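Enquirer: Quick one: the structure is below, questions incoming.
Residue numbers (the UniProt record's numbering): 1 to 145.
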(Lines of atoms letter the chains of each structure in order from A; the text may use other names.)
(Lines give C-alpha, C1' and ligand atoms only; values in the text may rest on other atoms or scores of the structure.)
Protein backbone atom coordinates (compact mmCIF):
# COMPACT_ATOMS: atom_id res chain seq x y z
CA UNK A 1 0.00 0.00 0.00
CA UNK A 2 2.72 2.46 0.93
CA UNK A 3 4.54 1.57 -2.26
CA UNK A 4 1.65 2.97 -4.31
CA UNK A 5 1.49 6.13 -2.23
CA UNK A 6 5.23 6.65 -2.10
CA UNK A 7 6.77 4.91 -5.10
CA UNK A 8 10.50 4.53 -5.01
CA UNK A 9 12.26 6.58 -7.55
CA UNK A 10 15.29 5.25 -9.25
CA UNK A 11 18.39 7.29 -8.64
CA UNK A 12 19.79 9.09 -11.60
CA UNK A 13 22.87 7.19 -12.75
CA UNK A 14 26.16 8.71 -11.73
CA UNK A 15 28.00 10.16 -14.71
CA UNK A 16 31.08 8.19 -15.67
CA UNK A 17 34.42 9.91 -15.22
CA UNK A 18 36.41 11.10 -18.23
CA UNK A 19 38.82 8.35 -19.19
CA UNK A 20 42.44 8.97 -18.26
CA UNK A 21 45.39 6.59 -18.57
CA UNK A 22 44.49 4.83 -15.31
CA UNK A 23 40.86 4.26 -16.30
CA UNK A 24 41.74 3.43 -19.91
CA UNK A 25 44.16 0.71 -18.79
CA UNK A 26 41.63 -0.75 -16.36
CA UNK A 27 38.87 -0.69 -18.96
CA UNK A 28 41.06 -2.46 -21.52
CA UNK A 29 42.04 -5.11 -18.97
CA UNK A 30 38.35 -5.67 -18.24
CA UNK A 31 37.62 -5.76 -21.97
CA UNK A 32 40.17 -8.54 -22.45
CA UNK A 33 38.69 -10.54 -19.57
CA UNK A 34 35.14 -10.09 -20.93
CA UNK A 35 36.10 -11.03 -24.51
CA UNK A 36 35.17 -14.69 -24.06
CA UNK A 37 31.96 -13.70 -22.20
CA UNK A 38 33.26 -15.52 -19.13
CA UNK A 39 34.48 -13.06 -16.49
CA UNK A 40 36.14 -15.28 -13.89
CA UNK A 41 37.36 -14.58 -10.37
CA UNK A 42 40.92 -15.43 -11.45
CA UNK A 43 40.75 -12.70 -14.12
CA UNK A 44 39.26 -10.20 -11.68
CA UNK A 45 42.02 -10.95 -9.18
CA UNK A 46 44.69 -10.53 -11.85
CA UNK A 47 43.21 -7.18 -12.92
CA UNK A 48 43.20 -6.00 -9.30
CA UNK A 49 46.85 -7.06 -8.85
CA UNK A 50 47.90 -5.29 -12.04
CA UNK A 51 46.09 -2.08 -11.08
CA UNK A 52 47.54 -2.18 -7.55
CA UNK A 53 51.10 -2.74 -8.78
CA UNK A 54 50.91 -0.30 -11.70
CA UNK A 55 49.44 2.58 -9.73
CA UNK A 56 50.94 1.76 -6.30
CA UNK A 57 47.56 1.47 -4.59
CA UNK A 58 46.18 -0.98 -2.06
CA UNK A 59 43.92 -3.93 -2.86
CA UNK A 60 40.71 -2.16 -1.83
CA UNK A 61 41.54 0.89 -3.94
CA UNK A 62 42.40 -1.42 -6.84
CA UNK A 63 39.06 -3.23 -6.51
CA UNK A 64 37.21 0.11 -6.45
CA UNK A 65 39.14 1.27 -9.50
CA UNK A 66 38.31 -1.98 -11.31
CA UNK A 67 34.60 -1.53 -10.49
CA UNK A 68 34.68 1.93 -12.10
CA UNK A 69 36.57 0.48 -15.07
CA UNK A 70 33.93 -2.23 -15.48
CA UNK A 71 31.23 0.43 -15.82
CA UNK A 72 33.40 2.52 -18.08
CA UNK A 73 34.23 -0.47 -20.31
CA UNK A 74 30.54 -1.23 -20.69
CA UNK A 75 29.30 2.30 -21.39
CA UNK A 76 32.23 4.30 -22.72
CA UNK A 77 34.49 4.63 -25.75
CA UNK A 78 35.65 1.82 -27.94
CA UNK A 79 39.09 0.23 -27.86
CA UNK A 80 40.83 2.76 -30.17
CA UNK A 81 39.79 5.66 -27.93
CA UNK A 82 41.13 3.97 -24.78
CA UNK A 83 44.31 3.05 -26.66
CA UNK A 84 44.74 6.63 -27.91
CA UNK A 85 44.70 7.88 -24.33
CA UNK A 86 47.39 5.36 -23.40
CA UNK A 87 49.50 6.13 -26.51
CA UNK A 88 49.46 9.82 -25.58
CA UNK A 89 50.33 9.32 -21.91
CA UNK A 90 52.47 6.16 -21.78
CA UNK A 91 55.84 5.61 -23.48
CA UNK A 92 56.42 2.63 -25.76
CA UNK A 93 58.31 0.50 -23.21
CA UNK A 94 55.46 0.83 -20.73
CA UNK A 95 52.89 0.07 -23.44
CA UNK A 96 54.81 -3.18 -24.03
CA UNK A 97 54.46 -3.90 -20.31
CA UNK A 98 50.73 -3.22 -20.65
CA UNK A 99 50.62 -5.84 -23.39
CA UNK A 100 52.24 -8.34 -21.02
CA UNK A 101 49.73 -7.44 -18.32
CA UNK A 102 46.82 -7.96 -20.71
CA UNK A 103 48.15 -11.39 -21.67
CA UNK A 104 48.34 -12.28 -17.98
CA UNK A 105 44.65 -11.40 -17.62
CA UNK A 106 43.71 -13.40 -20.72
CA UNK A 107 45.55 -16.46 -19.38
CA UNK A 108 44.56 -16.03 -15.71
CA UNK A 109 41.83 -18.67 -16.01
CA UNK A 110 44.34 -21.22 -17.32
CA UNK A 111 42.82 -21.39 -20.81
CA UNK A 112 43.51 -19.77 -24.16
CA UNK A 113 40.39 -18.37 -25.80
CA UNK A 114 40.27 -17.28 -29.42
CA UNK A 115 38.02 -14.31 -28.64
CA UNK A 116 40.41 -13.04 -25.96
CA UNK A 117 43.36 -13.37 -28.34
CA UNK A 118 41.47 -11.48 -31.06
CA UNK A 119 40.65 -8.74 -28.55
CA UNK A 120 44.29 -8.65 -27.43
CA UNK A 121 45.55 -8.28 -30.98
CA UNK A 122 43.14 -5.39 -31.59
CA UNK A 123 44.32 -3.67 -28.41
CA UNK A 124 48.02 -4.28 -29.11
CA UNK A 125 47.68 -2.80 -32.60
CA UNK A 126 45.70 0.16 -31.26
CA UNK A 127 48.45 0.75 -28.67
CA UNK A 128 50.87 1.13 -31.58
CA UNK A 129 52.93 -1.96 -30.82
CA UNK A 130 54.95 -3.39 -33.71
CA UNK A 131 54.05 -6.74 -35.24
CA UNK A 132 57.38 -8.13 -34.01
CA UNK A 133 56.68 -7.03 -30.44
CA UNK A 134 53.12 -8.36 -30.60
CA UNK A 135 54.40 -11.75 -31.71
CA UNK A 136 57.06 -11.74 -28.97
CA UNK A 137 54.45 -10.88 -26.31
CA UNK A 138 52.32 -13.81 -27.46
CA UNK A 139 55.30 -16.18 -27.43
CA UNK A 140 56.36 -15.06 -23.95
CA UNK A 141 52.84 -15.36 -22.57
CA UNK A 142 52.03 -18.74 -24.08
CA UNK A 143 55.48 -20.33 -23.88
CA UNK A 144 55.42 -21.15 -27.58
CA UNK A 145 58.77 -21.26 -29.44
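No residue lacks a Cβ here, since even glycine has one placed at the ideal position from N, Cα and C. Bear in mind that the values here come from a model prediction, so they are computed numbers and not experimental data.
Would you mind reading off the limits of the alpha helix (DSSP H) that contains residue 135?
Expert: Within the chain shown, the letter at position 135 stands for residue 135. That run of the alpha helix (DSSP H) goes 131–142.
Enquirer: Ignore the nearest five residues each way along the sequence and tell me which others in residue 86's own chain have a CB closer than 8 Å to its CB.
Expert: Locating residue 86 in the chain shown gives position 86, where the first residue counts as 1. Once the five neighbours on either side are set aside, the close Cβ partners of residue 86 are 21, 24, 25, 28, 95, 98, 127.
Enquirer: Which value, in whole angstroms, describes the spacing of the CA atoms of residue 121 and residue 60?
Expert: Position 121 of the chain shown holds residue 121. Position 60 of the chain shown holds residue 60. Computed Cα separation, rounded: 30 Å.
Enquirer: Between the alpha carbons of residue 74 and residue 47, how many angstroms are there, rounded?
Expert: By 1-based counting over the chain shown, the position of residue 74 is 74. By 1-based counting over the chain shown, the position of residue 47 is 47. So the alpha carbons of these two residues sit roughly 16 Å apart.
Enquirer: Kindly list the residues whose CB is nearer than 8 Å to the CB of residue 104, restricted to its own chain and excluding five residues on each side of it in sequence; keep chain order.
Expert: On the chain shown, position 104 is the one that residue 104 refers to. The residues are 46, 50, 141.
Enquirer: Apply the 10 Å Cβ neighbour rule to residue 139 and answer buried if 16 or more other Cβ atoms are within range, or exposed otherwise.
Expert: To locate residue 139, count along the chain shown from 1; it is residue 139. The residue in question, residue 139, is exposed, as its Cβ has fewer than 16 Cβ neighbours within 10 Å.
Enquirer: Going by beta carbon distance, what residues of the same chain come within less than 7 Å of residue 157, once the five residues before and after it are set aside?
Expert: Coverage of the chain is limited to positions 1 through 145, which leaves residue 157 absent and any answer about it impossible.
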